[in-house]
Amino acid sequence: MTLIDERPTTETRAISTRTRVSRWWTAPMSTNGPTFRADRLKIGLFLVPMLVVFVVLFLVPLVQSIWWSFTDFNGYSTDAAFVGLRNYENVFTDPSMLAGLGFTLFFTLATTVLITALAIPLAVTLDRAFIGRNFVRAIYFFPAIPSVAILGLVWGFILNPLGSGALNSLLQSVVGIGPVPWLSNSTLAQLSVIAVGVWTSTGWHAILYLAYLQSIPDDYYEVARIDGASAVQRFRYITLPLLMPAMTVSWLLLMTGGLKVYDLPITLTRGGPGFSTFTITQTIIQNGVSQAKYGQASALAVIFMLAVGAIVAAQLIVSRRLEGRLS
Amino acid sequence: MSAARILTRPGAIATSLIMIPLAAVVGLPFYYVVVNTFKTQAETTMAPLALPTTLNLDNYLTVFSEIPVVQSFLNTVYVTAAAILLMLLIGSMAAFSVILRASRLVTVLLVIAFLVPGQVTLIPLYRMLSQAQLVDTLEGLIILYSGGSVFCYFLIVGYMRTLPGEVIEAARIDGAGPWQIYWRIALPLIRPILITVGVFQTMWVWNDFLTPVVFISSTEKQTLVLQTYKAVGEFTTDWPMFLTLSVVVLIPMVVFFIFMQRYIVRGLVAGSVKG
């Protein structure tokens, strides 16, 4: 197998192994006696660094975020006043907050649908034998290797709205149409960000699906063929149900990644034109870090966390339902 | 059927005829970036997709003389190496402990930590680091990245469960203490997963943009990705210069990936055989 098959497999390992029960390692330590008790304490000490990380980097900041979201804390005043749900009301009434919310949801939905629709057929094709397959796999996967921020910057040059932009000058010479305002028109800018997002991740998700496709035994198809199942039926009744676990993983990554998106819009359009490609993360950073509106930014962050949690939970339930229905 | 006959069937040839041009379109941006690093600005404007007429290395020389790329490269290497070592150590120690003591609470806590988006803890962490005078320092970045040890923990603990426990038992009978067992037996045994996790986390830390852009402000402390972002302002009119900078910045990651892929494969094969 080539280089590109391992990454997703690890991802899935992480999920599948979590449920496995420890059998071997617990046994040797379950002897009694004084040595055992001393060892047990020492073994407990191995957890200390992780607990420090948990408390300092996760627990304390999380509690602070939640507390600040109910106050008008600005980072300097020592006495932050409790303001109840006012910050939360602002999130849903302030147009600059809503702009980020809207585009982030649009981006998440569009990239999830488009990447899934492109990656599954791509994976099925890449699973077949054809000349140049390894080369083609490598090309599709390649955009997943460099930093998305740098890819965003490069695409900013390619999609430059001036006539001298790479894509515009190509269109001019091949099709003969005038400069297209890729990044300077609100709708086109949103679509451009989505298109580049699809470009960076489709290959990666195709390889994820490919890893699952390769684990489907050939016998299944053989038997189905003998029973007279058509290619469409084989895809519908064998491939698709067995790809459901891959879809769960892929959608989870796409949705959480989409909601957290920041690098790509900021490097490609800097959130513009206007607020058209503003994201939730950008709003949180701008309010919290640049303007020190801790309370306001925290309220948005808490809503964001709840939204991510709700979507992840809903998605897991839907996938499980689908898995049940398809198989 | 022989491999050659499968590959020359009409269906396979049709697949090649569709997939290779499609891949070329997908790869076109990279071609565009690389060819333009050898051109002057006038050439780029005239014919952005043409091959360069001469092998002109001026852009590379200018990038290295005008931008402290080497400094940022060393910064990035320092932060990445320190962060990865730290998170592998913390993650594997916790996994070792949980495997031997089976603590449910720890697992629950770490699942929560794993699910909390970084955006939620960002602002309190910014304030915390600024009070500790760690904003705009590379060490501050390393501390923030050590949160990645939670992800390491989950992968390592999954791998450890697939290993045979008899080795530990034998070591205990021979009188080895927990620290010795961890250092001399557990760590060597889990080497494949340490390398795999290390590779993934390296790609994350090296490519990360969000953390440096929020926490780093001085030029001499920039990471490569942040530097490229800041340089765009300088090079808005000089495209070949910017594209050259991005190639210089992308090379280490590509080289890293090419060298590390076999370790990833080895790690996974070892893991799945035992699992």
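Listed in order, the protein sequences are those of chains A and B. First residue of the first sequence: -10, per my numbering; consecutive thereafter. First residue of the second sequence: 8, per my numbering; consecutive thereafter. No residue lacks a Cβ here, since even glycine has one placed at the ideal position from N, Cα and C.
What does A/G121 reach in chain B if we use C-beta pairs closer than 9 Å?
Listed along the chain, the chain B residues whose CB falls inside 9 Å of the CB of A/G121 are S23, M26, I27 and A30.
Can you check whether the C-beta of A/R29 is within less than 8 Å of a C-beta belonging to chain B?
Judged by the 8 Å Cβ criterion, A/R29 is in contact with chain B.
State the beta-bridge partners of A/F71 as determined by DSSP.
When DSSP reads this structure, A/F71 sits in a beta bridge with A/T60.
Starting from A/W193, follow the alpha helix (DSSP H) in both directions and report where the run begins and ends.
That run of the alpha helix (DSSP H) goes S175 to L202.
At least one CB of chain A closer than 8 Å to the CB of B/N214: is that the case?
By this cut-off, B/N214 is an interface position.
Proximity to A/N174 [Cα-Cα], best of A/A195, A/L159, A/G186 and A/L151
It is A/L151.
Give the range of the alpha helix (DSSP H) segment to which B/A30 is assigned.
For B/A30, the enclosing alpha helix (DSSP H) covers residues P17 to N43.
Closest to B/P185 by C-alpha separation, out of A/G33, A/A302 and A/A303, would be which residue?
Here the closest residue by C-alpha is A/G33.
Does any residue of chain B bring its CB to less than 8 Å from the CB of A/Y283?
Cβ-Cβ to chain B under 8 Å: yes for A/Y283.
Simplified DSSP assignment, three categories, for A/Y251:
Reduced to three states, the DSSP call for A/Y251 is coil.
Going by beta-carbon coordinates alone, are A/V72 and A/L202 separated by less than 8 Å?
No. Outside cutoff.
Here's the rule I'm using: 16 or more other beta-carbon atoms within 10 Å means buried, otherwise exposed. How should B/V255 be labelled?
With 16 or more Cβ atoms within 10 Å of its Cβ, B/V255 is classed as buried.
Sorted by chain position, which residues of the same chain lie with C-beta nearer than 7 Å to B/S79's C-beta, five sequence neighbours on each side aside?
Cβ within range, chain order: Q229, T230, L231 and Q234.
Give the residues of chain A in contact with B/F103, contact being defined as C-beta atoms less than 7 Å apart.
Chain-order list of chain A residues neighbouring B/F103: F35, by C-beta distance under 7 Å.
Counting pairs of beta carbons, one from the segment 226 to 239 of chain A and one from the segment 192 to 202 of chain A, are three or more of them closer than 8 Å?
A contact exists between the segment 226 to 239 of chain A and the segment 192 to 202 of chain A.
Can you give me, in chain order, the residues of the segment 153 to 176 of chain A that have a beta carbon less than 7 Å from any beta carbon in chain B?
For the segment 153 to 176 of chain A, the beta-carbon criterion of a distance under 7 Å to any beta-carbon of chain B is satisfied by S153, A155, S158 and L159.
Interface residues of chain A around B/T83 at Cβ under 7 Å?
In chain order: nothing, as chain A lies at least about 11 Å away.
Quick check on the burial criterion: 16 or more other C-beta atoms within 10 angstroms. Buried or exposed for B/S253?
Looking at its Cβ environment, which holds 16 or more other Cβ atoms inside 10 Å, B/S253 is buried.
Near B/A90, which residues of its chain fall below 8 Å by C-beta distance, leaving aside the five closest residues on each side in sequence?
For B/A90, where only same-chain residues beyond five positions count, the Cβ hits under 8 Å are L148, I149, Y152, S153, G155, Q208 and V212.
Can you tell me where the alpha helix (DSSP H) with B/S104 in it begins and where it stops?
Unbroken alpha helix (DSSP H) run through B/S104: V76 to R108.
For A/A138 and A/F146, which I take to be in contact (beta-carbon distance under 8 Å), what is that distance rounded to the nearest angstrom?
A/A138 to A/F146, Cβ: 14 Å. No contact.
Return yes when the Cβ of A/I273 is within less than 8 Å of the Cβ of A/A286, no when it is not.
Yes, the pair counts as a contact, with Cβ atoms nearer than the cut-off.
With DSSP collapsed to three states, give me the class of A/T82.
It is helical.
Of the residues that make up the segment 189 to 201 of chain B, which ones have a beta carbon closer than 8 Å to any beta carbon in chain A?
Flagged, chain order: Y189.
Buried or exposed, going by whether 16 or more other CB atoms sit within 10 Å of the CB of A/Y65?
Counting of Cβ neighbours within 10 angstroms places A/Y65 among the exposed residues, the total staying below 16.
When the Cα atoms are used, what is the spatial distance from B/V142 to A/I269?
Approximately 23 Å between the Cα atoms of the pair.
Inter-stretch contact at 8 Å, needing at least 3 Cβ pairs: the segment 127 to 140 of chain B / the segment 43 to 59 of chain A
The segment 127 to 140 of chain B makes contact with the segment 43 to 59 of chain A: 3 or more CB pairs, one atom from each, lie closer than 8 Å.
Using the beta-carbon count (16 or more within 10 Å), is A/N123 buried or exposed?
Burial call: exposed.
Tell me the DSSP secondary structure of A/G154 in three-state form.
In the three-state reduction of the DSSP assignment, A/G154 falls in the coil class.
Interface partners of A/M86 on chain B, CB under 9 Å
Residues of chain B with a Cβ closer than 9 Å to the Cβ of A/M86 do not exist; the shortest Cβ-Cβ separation is about 14 Å.
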